[in-house]
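Contents: one structure, followed by commentary.
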Amino acid sequence: MKVLIVGSGGREHAIAFAVAKSPKVDKIYCAPGNAGIGQIAECVNIGAMEFEKLAQFAKEKEIDLTVVGMDDPLVGGIVDVFEAEGLRVFGPRKNAAILEGSKAFSKDLMKKYNIPTAAYENFDSPKAAMEYLETSKYPIVLKADGLALGKGVLICNTKEEAMDGVKELMLDRKFGSAGNTIVIEEFMTGREVSVLSFVDGKTIKIMTSAQDHKRAKDGDQGLNTGGMGTFSPSPFYTEEVDEFCKKYIYQATVDAMAAEGRAFQGIIFFGLMLTDEGPKVLEYNARFGDPEAQVVLPRMKNDIVEVFEACIDGNLDQIELQFEDNAAVCVVLASDGYPVSYEKGFEIKGLENFDTKEGYYVFHAGTKRDGDKIVTNGGRVLGVTAKGADLKEARANAYEATKLIDFENKYMRNDIGKAIDEA
Ligand code: AMP
Ligand code: GLY
Numbered sequence: 001m002k003v004l005i006v007g008s009g010g011r012e013h014a015i016a017f018a019v020a021k022s023p024k025v026d027k028i029y030c031a032p033g034n035a036g037i038g039q040i041a042e043c044v045n046i047g048a049m050e051f052e053k054l055a056q057f058a059k060e061k062e063i064d065l066t067v068v069g070m071d072d073p074l075v076g077g078i079v080d081v082f083e084a085e086g087l088r089v090f091g092p093r094k095n096a097a098i099l100e101g102s103k104a105f106s107k108d109l110m111k112k113y114n115i116p117t118a119a120y121e122n123f124d125s126p127k128a129a130m131e132y133l134e135t136s137k138y139p140i141v142l143k144a145d146g147l148a149l150g151k152g153v154l155i156c157n158t159k160e161e162a163m164d165g166v167k168e169l170m171l172d173r174k175f176g177s178a179g180n181t182i183v184i185e186e187f188m189t190g191r192e193v194s195v196l197s198f199v200d201g202k203t204i205k206i207m208t209s210a211q212d213h214k215r216a217k218d219g220d221q222g223l224n225t226g227g228m229g230t231f232s233p234s235p236f237y238t239e240e241v242d243e244f245c246k247k248y249i250y251q252a253t254v255d256a257m258a259a260e261g262r263a264f265q266g267i268i269f270f271g272l273m274l275t276d277e278g279p280k281v282l283e284y285n286a287r288f289g290d291p292e293a294q295v296v297l298p299r300m301k302n303d304i305v306e307v308f309e310a311c312i313d314g315n316l317d318q319i320e321l322q323f324e325d326n327a328a329v330c331v332v333l334a335s336d337g338y339p340v341s342y343e344k345g346f347e348i349k350g351l352e353n354f355d356t357k358e359g360y361y362v363f364h365a366g367t368k369r370d371g372d373k374i375v376t377n378g379g380r381v382l383g384v385t386a387k388g389a390d391l392k393e394a395r396a397n398a399y400e401a402t403k404l405i406d407f408e409n410k411y412m413r414n415d416i417g418k419a420i421d422e423a
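First residue of the sequence shown? That's 1 in my numbering, and the numbers climb one at a time after it.
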């Protein structure tokens with residue numbers, strides 16, 4: 001088979017790595033890809049939002065399966081364009097990717113189908129939002145409705161902060177049209193867990209759990225980022241939590257989407273908060289997490305291409321997902337200054353150390369080839385992942401492995417997986 005992967009981050013590298021293990025696959029292309037993906041796939045210089053060009057390429061090269069890793073093209077309708085051309089593609093159509101693309105939609109869906117989530121109201125007028133805030137309880141959470149690179153969520157401790165937030169999102173339009181509508185929701189406390197799943201429109205199969213570290217600095221300080229590191233499984237995702245979510249959240253979401261005429265085929269990523277009142281949905285994503293994929297996929301035993309195909313063909317009920325009985329930790333190596341401003345173009349040394357190291361992976365995020373060197377090319381540069389018999393061993397291995405890599409302005413959090421000690 002020939003497979004095309006759409007995207008260019010650490011997540012897509014982890015997907016490419018999993019696809020490359022499938023005995024069914026002879027050739028992988030990735031658009032646009034990065035330097036690490038280029039070692040296992042042929043990178044194609046077409047942007048992820050150039051749907052027509054991508055579909056044309058897939059036809060020319062007789063691609064058997066396209067896998068879309070990123071949210072923007074999914075929300076923008078890439079799957080519909082591919083399907084209209086008769087191409088096989090893994091991911092939700094536009095009318096289902098709205099589960100991630102509009103927070104107002106997903107909140108209304110959860111309310112309508114009694115799926116546990118924070119209490120909320122949607123607003124499309126700043127005046128009404130500000131009136132509501134006059135009598136609200138604080139802290140409170142403001143969310144831009146649309147995609148905002150994970151940065152459209154504001155936790156406001158006071159009325160003043162919340163009023164400023166409404167101004168930023170709706171009047172100053174910091175995230176453009178993503179802030180035309182905002183969700184104002186109740187502030188919840190608890191541990192966060194990321195649960196990824198495969199969905200074929202009606203059946204859902206849950207992958208092993210993970211936890212992300214979204215803030216830039218140790219101790220969950222600093223700004224929100226795309227994710228500074230992950231571990232899998234989460235020791236807080238107990239059997240009791242799993243049972244609750246299976247009963248009230250997972251299948252309920254898939255059934256709700258089908259009932260709305262928006263059958264979901266692809267990945268649903270459940271961002272959960274384990275509150276005192278039980279697990280609640282913080283958000284849905286319509287794709288693998290980044291860097292969750294970097295710790296979940298190396299532990300998956302199935303042939304991922306078989307699972308992708310079962311989702312497309314609607315026979316996921318025939319598949320049993322299997323994960324290794326071990327753990328993995330991913331530490332993101334970033335450029336100092338991320339997520340605000342940082343320099344690029346520094347040579348990365350030591351990558352070859354991972355070539356033959358069983359159970360260790362270096363997933364590229366922001367890298368590019370410069371002659372025979374590989375240089376930094378983004379805020380998040382690499383995801384160093386290691387497995388271990390348990391979480392503590394995996395964490396020690398991952399931090400040990402970060403020492404094998406060197407580049408100027410290398411920055412990482414030193415407390416990825418600290419929560420493990422509290423389990
Ligand atoms: P989201 O993009 O909706 O996952 O939000 C980003 C982050 O903001 C989450 O991972 C949480 O840490 C935090 N967050 C979002 N919604 C809430 C909420 N209702 N209560 C507390 N924290 C929240
Ligand atoms: N790691 C969080 C996300 O992918 O949205």
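Glycine residues also receive a C-beta, built at the ideal position from the N, C-alpha and C atoms.
For Q211, the enclosing beta strand (DSSP E) starts and ends at I204 to D212. For N397, the enclosing alpha helix (DSSP H) starts and ends at L391 to T402.
At a Cβ-Cβ threshold of 7 Å, K94 and D80 count as neighbours. In this structure, the beta-carbon distance from G266 to G388 does not fall below 7 Å. When secondary structure is reduced to three states using DSSP, A48 falls in the coil class, being assigned neither helix nor strand. Taking the C-beta atoms as reference points, M188 is found nearer than 7 Å to M273. In this chain, the alpha helix (DSSP H) harbouring I15 covers G10 to A20. Beta-bridge annotation (DSSP): R191 is paired with L274. DSSP places N122 within a strand segment (E or B) once states are collapsed to three.
The region 65–84 and the region 245–255 do not touch, with fewer than 3 CB-CB distances between them shorter than 8 Å.
The beta-carbon distance between T208 and F323, rounded to whole angstroms, is 4 Å. This is short enough to meet the 8 Å contact definition. Using a 10 angstroms sphere on the CB of Q211, the tally of other CB atoms reaches 16 or more, which defines it as buried.
Contact between the region 15–23 and the region 303–321 is present: 3 or more CB-CB pairs across the two stretches fall below 8 Å. At a cut-off of 6 Å, the beta-carbon of F187 counts as near ligand 1: some heavy atom of the ligand is closer than that.
Here L87 has A55, A58, K59, I63 and T66 as same chain residues with Cβ atoms under 8 Å from its own Cβ, once five neighbours each way along the sequence are excluded. N285 has its Cβ nearer than 6 Å to a heavy atom of ligand 2. Not one heavy atom of ligand 2 lies closer than 6 Å to the C-beta of G146. Rounded to whole angstroms, the separation of the alpha carbons of E292 and L149 is 16 Å. Every residue whose Cβ sits closer than 5 Å to any heavy atom of ligand 2 is listed here in chain order: D212, G227, G289 and D290. Sixteen is the threshold: when 16 or more other Cβ atoms of the shown chains lie within 10 Å of the Cβ of P298, as they do, the residue is buried.
Runs of alpha helix (DSSP H) with 4 or more residues, each lying fully within the region 158–187, are found at 159–166, listed in chain order. Sequence-distant partners of I420 (beyond 5 residues in either direction) whose C-beta falls short of 7 Å from its own C-beta, in its chain, are F231, P235, L391, K392 and R395.
In this chain, the beta strand (DSSP E) harbouring N224 covers Q221 to N224. Scanning K205, G176, G219 and P279 for the CA closest to the CA of G314 turns up K205.
The three-state reading of DSSP puts Q322 in coil, since its state is none of H, G, I, E or B. Less than 7 Å divides the Cβ of A178 from the Cβ of L147. Remark: the C-beta of V332 is outside contact range of ligand 1, defined as less than 6 Å to any heavy atom. Excluding sequence positions up to five before and after L333, its CB lies within less than 7 Å of the CB of V381, L382, V384, T402, I405, K410 and M412, all in the same chain and listed in chain order. Cα atoms of E243 and Y113: separation of roughly 18 Å, rounded to the nearest angstrom.
In this structure, ligand 1 has no non-hydrogen atom nearer than 6 Å to the beta-carbon of G7.
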